[in-house]
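Its first residue numbered 2, the sequence shown is counted upward by one per residue in the working numbering.
Notes follow the structure.
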Amino acid sequence: MTTTTNPTELNSGIGGTKNFYNWNWQHKHYRVVYETIGAGDPVLLLPAFSTVSSRTEMKGIANLLATNYHVTVLDWLGFGESQCPPVDYNPVLFQQLLADFVNSVFNNNSISLQLFSDELTSLPRATSPLNTPILGDFNSISPQSWGARGAKLAVIAAGHASGYALKFAQDNPDSISKLILVAPTWKGPLRVMGLPDGVRNGVKNLVRSPWLGQTLYYLNTTPSFLRLMYKRHVYVDETKLTPEFIAQKHQITSKDGGRYAPAAFVTGAIDPVANREEFLQLLDSVPMPVLIILAENAPPKSKAEMIAMAELEQVQTVRLAGTLGISEEYHEAVTAVIENFI
Numbered sequence: 002m003t004t005t006t007n008p009t010e011l012n013s014g015i016g017g018t019k020n021f022y023n024w025n026w027q028h029k030h031y032r033v034v035y036e037t038i039g040a041g042d043p044v045l046l047l048p049a050f051s052t053v054s055s056r057t058e059m060k061g062i063a064n065l066l067a068t069n070y071h072v073t074v075l076d077w078l079g080f081g082e083s084q085c086p087p088v089d090y091n092p093v094l095f096q097q098l099l100a101d102f103v104n105s106v107f108n109n110n111s112i113s114l115q116l117f118s119d120e121l122t123s124l125p126r127a128t129s130p131l132n133t134p135i136l137g138d139f140n141s142i143s144p145q146s147w148g149a150r151g152a153k154l155a156v157i158a159a160g161h162a163s164g165y166a167l168k169f170a171q172d173n174p175d176s177i178s179k180l181i182l183v184a185p186t187w188k189g190p191l192r193v194m195g196l197p198d199g200v201r202n203g204v205k206n207l208v209r210s211p212w213l214g215q216t217l218y219y220l221n222t223t224p225s226f227l228r229l230m231y232k233r234h235v236y237v238d239e240t241k242l243t244p245e246f247i248a249q250k251h252q253i254t255s256k257d258g259g260r261y262a263p264a265a266f267v268t269g270a271i272d273p274v275a276n277r278e279e280f281l282q283l284l285d286s287v288p289m290p291v292l293i294i295l296a297e298n299a300p301p302k303s304k305a306e307m308i309a310m311a312e313l314e315q316v317q318t319v320r321l322a323g324t325l326g327i328s329e330e331y332h333e334a335v336t337a338v339i340e341n342f343i
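Next comes the structure, spelled out in structure tokens:
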């Protein structure tokens, strides 16, 4: 599977350098956006799947970690600023995307190149004898500024991304140093509600349909509906749900093709596992240290799953105030715990 990384753009979602990763999936190329910030050993942040999933929700954590680490934040295909094609979104797709992305961006010595790419863009430009601009001098960059060559990757995954991070860690144990799961989940909303497979699949196909699907998606992403969802499941402090905040979230939903991946998430089509036992077996199988940040105010069914995960002996657990959006709402407390762990 051939992949490439395109030139970067500055001044994007988390204040770092925006990059484009061209992913080849089933003989077609798709543009995936990711952003890098900071210098040091590598850290990968994976935002939770949701109707408004975006790397921007990891901005608080990314900016705090960037003082000591080189942080990469991914926009999943179909979410955020990444391309939103009408493909069949399923676990195999996202697992392959994560594996290809990490192998392309971090492995084969590309960790080192990625870690100092931001430093290079900030250096004074020189001119070659052919009048071609040159970005600084490689020797002027201290190795400490971009981390050790071949450094293992610390992965921080929120929500549904946790299952995909675990599967990647299971398949690539030598690539991951530590794994942090923030308010981990594995059931899509309609599955949590107990809707049978046939009904959920019917809803997904309905939302994917040209006219009625667009209408249903519009009704479920209005600012008033988004605010209600944030108040019920995502944020604890509703005073933070300002019109400006909700407007930013609503903008995420307004992309062409934006309904396809969220429809798969809501209906459980991209649940990383089939049941609790499978998730616990997956969690039990990874050899590296794992930290779970349990959201104390999470909805009862979601919290019950987190508690079951926390009961495994080899897992470290920290309980913090917050619900499903804890990584964004309480990013300072979450980051403090992460820094103590990694």
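A virtual CB, placed ideally from N, CA and C, is assigned to each residue, including glycine.
These figures come from a predicted structure and were not determined experimentally.
{"Asked": "Cα-Cα separation between P211 and F169, rounded to whole angstroms", "Found": "34 Å"}
{"Asked": "Assigned exposure category for P174 - 16 Cβ within 10 Å defines buried", "Found": "exposed"}
{"Asked": "Boundaries of the beta strand (DSSP E) in which P211 is found, first to last residue", "Found": "Taken as a continuous stretch (DSSP letters only), P211 belongs to no beta strand (DSSP E), as it is neither H nor E."}
{"Asked": "Whether A420 touches D42 by CB criterion (7 Å)", "Found": "What the structure shows of the chain is the stretch from 2 to 343, and residue 420 is not part of that stretch, so it cannot be assessed."}
{"Asked": "Inter-residue spacing [alpha-carbon to alpha-carbon] between V44 and A67", "Found": "9 Å"}
{"Asked": "Inter-residue Cα distance where the pair is G199 and G323", "Found": "33 Å"}
{"Asked": "DSSP beta-bridge partners of Q317", "Found": "L292"}
{"Asked": "Meets three-Cβ-pair contact criterion under 8 Å: the segment 77-84 and the segment 46-53", "Found": "yes"}
{"Asked": "Minimum C-alpha distance to G16 - residue among K60, S225, F95 and W77", "Found": "K60"}
{"Asked": "Reference I294; option with closest CA among E279, H332 and L283", "Found": "H332"}
{"Asked": "Cβ-based burial, T186 [other Cβ within 10 Å; buried from 16]", "Found": "buried"}
{"Asked": "K256 beta carbon less than 7 Å from that of T85", "Found": "This sequence places Cys at residue 85; Thr is not what is there. Yes, Cβ-Cβ distance for C85 and K256 is below 7 Å."}
{"Asked": "One or two residues paired with D393 in a DSSP bridge", "Found": "Since the displayed the chain opens at 2 and closes at 343, residue 393 lies outside it and no answer follows."}
{"Asked": "Cβ pair count under 8 Å reaching 3, the segment 251-268 against the segment 178-197", "Found": "yes"}
{"Asked": "Close beta carbons around E306, own chain, < 8 Å, minus the five adjacent residues each side", "Found": "P185, T186, W187, K188, R277 and F280"}
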